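A.B. asks: Here it is: the structure, laid out below.
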């Protein structure tokens, strides 16, 4: 039991202050999430009430119904799911395969090829978006989802990570399989790929996240609403005639956020490892 | 008959097990796509910055005209200034803040608080800038946003966060820092764990205060990591687009018109693609120089 005055223990005060600061930090970081989610369940009337209600008094799903009825929102969702999954799967496949080849095989020009990929890492996407767009259009892929998926097949960053990871796979394992008569493809799919799970899972999540949240490339490529991805649809909503429908935008944002949030809460541990793994990026 | 199909099968099998086929299938698509969609556009980008160039097929070599136009483009210059302002705020202030918070998190002995804070600061990273934009537009709404309502309650006049030229960019900077801090914090935390405890203990024995600890031990030892984060942040800072596109479209009186938003407008809306490429090239040179400078500055302060 502390008595006040002369015997105030500074350590306890500092501790209390620290906890307070931590809680404040929590509020600033998480509060906006809470505010957005509760806002999406409020009617516009209640949402614009002053003083605002901390918890919606009339829980309503109207905003969510609106986004699906006034916009092709289900299309946005479908497109995003399709594009993100397809792209990320392709990236993982190409990177693990490429990383394996660069790590375990020898052929002429291997180093030169690798340095070529290394150089590409230095160029940010925005430098080449203009000619890439012209190329896409010339290929007839303007306003298609293909344009969102195919150019992304090669993800240099993932290729590097995969190559690094391959060093942890003993060559003897591979040699033994070869002696047993397994084809290279069998070795890759049945041995190498499963061994890379620790790399693939965090990488998949990271790449999926990137693709799901990307706005610029879909914005440039897609011109009809039906083809929009979620991010694009969301951005479009804020610029469209519905921009003043505040609660509607909130609902849309919540829906856009939900899948990612779900994935992350399910895969917490793998993500932590992934962050450390991909740290320097 | 049997002999023939057996040898065909044997041939087929030798092809499938052949390393050559495997390597080809593995690398050829990779290289093709990389070359077609990455290397080729790089050359195109460089080449067509010297042309009048757009989708309608008009291509005319005009030498350095695009570059001259860029130097005379007031909006372009302004966008560069805005971007520098943005980077100063998000990278300068943001990285420093992240370090302080990382040190703060690190000082918690109990796992509960340490994990809680890590998760809490990391969460904003997983949403897109578009979602973050909508989130904060709602909070910063002039009439109905929580921020202004609270201000109003205390008698402070409401601020039009997104429409006031003085506050628009700071508000964007704030959102960016809020969003991106988690990444820096995680990296710093990893770095902090690499600093041996006994350094601090030795300093304590010598009577150093907590600020001395930070100033003379933590900061010097964390410099390499800080450098990487600063460089990464700066490069990313030049690429800021989403927030501006959704929230301010260049801002009240062009105060939030960042460089890539300007390039986007000129290249894709006004269809001056050659001009856009020229500006892109200039920006790339700036980024490159900035990175080199950052390296030098850090290196020299090391050698002190």
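Chains as they are written, first to last, in my numbering: chain X, 1 to 281; chain G, 1001 to 1304. By construction, the Cβ of each residue, glycine as well, lies at the ideal position given by its N, Cα and C atoms. The structure displayed is predicted, hence computed values, not measured ones.
So residue 42 of chain X is in the alpha helix (DSSP H); what residue range does that whole segment cover?
C.D. replies: The residue you call residue 42 of chain X lines up with position 42 of the first chain. No alpha helix (DSSP H) holds residue 42 of chain X; DSSP gives it neither H nor E.
A.B. asks: Confirm, please, whether the CB-CB distance from residue 237 of chain X to residue 71 of chain X is below 8 Å.
C.D. replies: What you label residue 71 of chain X is simply residue 71 of the first chain in a count that begins at 1. What you label residue 237 of chain X is simply residue 237 of the first chain in a count that begins at 1. Cβ distance < 8 Å, so residue 71 of chain X and residue 237 of chain X count as in contact.
A.B. asks: Give a yes or no on whether the minimum CB-CB distance between residue 1241 of chain G and chain X is below 8 Å.
C.D. replies: In the second chain, the residue the question calls residue 1241 of chain G occupies position 241. Output row for residue 1241 of chain G: interface = yes.
A.B. asks: Between residue 134 of chain X and the rest of its own chain, which residues show a CB-CB distance below 8 Å, the 5 nearest in sequence each way excluded?
C.D. replies: Position 134 of the first chain, counting from 1, holds the residue named residue 134 of chain X. Excluding residues within five positions, none has a Cβ falling inside 8 Å.
A.B. asks: Any idea if residue 1263 of chain G is buried or exposed, counting beta-carbon neighbours within 10 angstroms, 16 or more meaning buried?
C.D. replies: Along the second chain, one-based indexing puts residue 1263 of chain G at 263. Residue 1263 of chain G is buried by the Cβ-count criterion.
A.B. asks: So the beta strand (DSSP E) residue 1060 of chain G belongs to, where does it begin and stop?
C.D. replies: The residue given as residue 1060 of chain G occupies position 60 in the second chain. Here the beta strand (DSSP E) through residue 1060 of chain G covers 1059-1061.
A.B. asks: Can you give me the C-alpha to C-alpha distance between residue 1167 of chain G and residue 1294 of chain G, rounded to a whole angstrom?
C.D. replies: Taking the first residue of the second chain as 1, we reach residue 1167 of chain G at position 167. Taking the first residue of the second chain as 1, we reach residue 1294 of chain G at position 294. Cα-Cα distance, rounded: 28 Å.
A.B. asks: Which residues, in chain order, does the region 15-40 of chain X contribute to contact with chain G at a C-beta distance below 8 Å?
C.D. replies: Answer set for the region 15-40 of chain X: 18, 19, 21, 22, 25, 26, 28, 29, 30, 32, 33, 35, 36 and 39.
A.B. asks: Could you confirm whether any beta carbon from chain X is found closer than 8 Å to the beta carbon of residue 1113 of chain G?
C.D. replies: Within the second chain, the letter at position 113 stands for residue 1113 of chain G. Yes - at least one Cβ of chain X is within 8 Å of the one on residue 1113 of chain G.
A.B. asks: DSSP on residue 1232 of chain G, reduced to helix/strand/coil?
C.D. replies: Here residue 1232 of chain G is taken as the residue at index 232 of the second chain, counted from 1. The answer is helix: DSSP assigns residue 1232 of chain G an H, G or I state.
A.B. asks: Against chain X, does residue 1298 of chain G count as a neighbour if the rule is that its beta carbon must be under 8 Å from one of theirs?
C.D. replies: Taking the second chain and counting its residues from 1, the one referred to as residue 1298 of chain G is at position 298. With 8 Å as the cut-off, residue 1298 of chain G does not count as an interface residue toward chain X.
A.B. asks: Along the region 88-107 of chain X, where does the CB come closer than 7 Å to a CB of chain G? Name the residues.
C.D. replies: The residues in question are 94, 97, 98, 101, 105 and 107.
A.B. asks: In terms of alpha-carbon separation, which member of G:1292, G:1048, G:1108 and G:1228 lies closest to residue 282 of chain X?
C.D. replies: Any answer about residue 282 of chain X is impossible in this case: the structure gives chain X only from 1 up to 281.
A.B. asks: I'd like to know if residue 1267 of chain G contacts chain X, where contact means its C-beta is closer than 8 Å to some C-beta of that chain.
C.D. replies: Within the second chain, residue 1267 of chain G is the residue found at index 267, counting from 1. At least one chain X Cβ lies under 8 Å of residue 1267 of chain G.
A.B. asks: Step through the CB atoms of chain G and report whether any lies within less than 8 Å of the CB of residue 196 of chain X.
C.D. replies: The count along the first chain starts at 1 and reaches residue 196 of chain X at position 196. Closer than 8 Å: no.
A.B. asks: Contact between the region 204-214 of chain X and the region 258-267 of chain X: three or more CB pairs below 8 Å?
C.D. replies: Cβ pair count under 8 Å is three or more, so yes.
A.B. asks: Mind pulling the chain G residues with CB within less than 9 Å of residue 50 of chain X?
C.D. replies: As a working mapping, residue 50 of chain X is identified with position 50 in the first chain. Going along chain G in sequence order, the residues near residue 50 of chain X (Cβ under 9 Å) are 1143, 1144, 1149 and 1152.
A.B. asks: Using a Cβ-Cβ cut-off of 8 Å (strictly less than) and excluding sequence neighbours within five positions of residue 142 of chain X, which residues of its own chain qualify?
C.D. replies: Residue mapping note: residue 142 of chain X aligns to position 142 of the first chain, counting from 1. Counting only Cβ-Cβ distances below 8 Å, and skipping sequence neighbours, we find 136, 221 and 223.
A.B. asks: DSSP state of residue 1142 of chain G, grouped into three classes?
C.D. replies: Working through the second chain from its first residue, we reach residue 1142 of chain G at position 142. Here residue 1142 of chain G sits in coil by DSSP.
A.B. asks: Name the residue from X:24, X:146, X:186 and X:50 whose alpha carbon lies nearest to the alpha carbon of residue 1143 of chain G.
C.D. replies: Along the second chain, one-based indexing puts residue 1143 of chain G at 143. Of X:24, X:146, X:186 and X:50, the residue nearest in Cα terms is X:50.
A.B. asks: For the beta strand (DSSP E) that contains residue 1051 of chain G, what are its first and last residues?
C.D. replies: Taking the second chain and counting its residues from 1, the one referred to as residue 1051 of chain G is at position 51. Per DSSP, residue 1051 of chain G belongs to the beta strand (DSSP E) from 1051-1053.
A.B. asks: Between residue 257 of chain X and chain G, is there a C-beta pair that is closer than 8 Å?
C.D. replies: Within the first chain, the letter at position 257 stands for residue 257 of chain X. So, interface residue.
A.B. asks: Round the Cβ separation of residue 230 of chain X and residue 256 of chain X to the nearest angstrom and send it over; I've been treating them as touching at under 8 Å.
C.D. replies: Looking up residue 230 of chain X in the first chain gives position 230. Looking up residue 256 of chain X in the first chain gives position 256. Right, their Cβ atoms sit about 5 Å apart.
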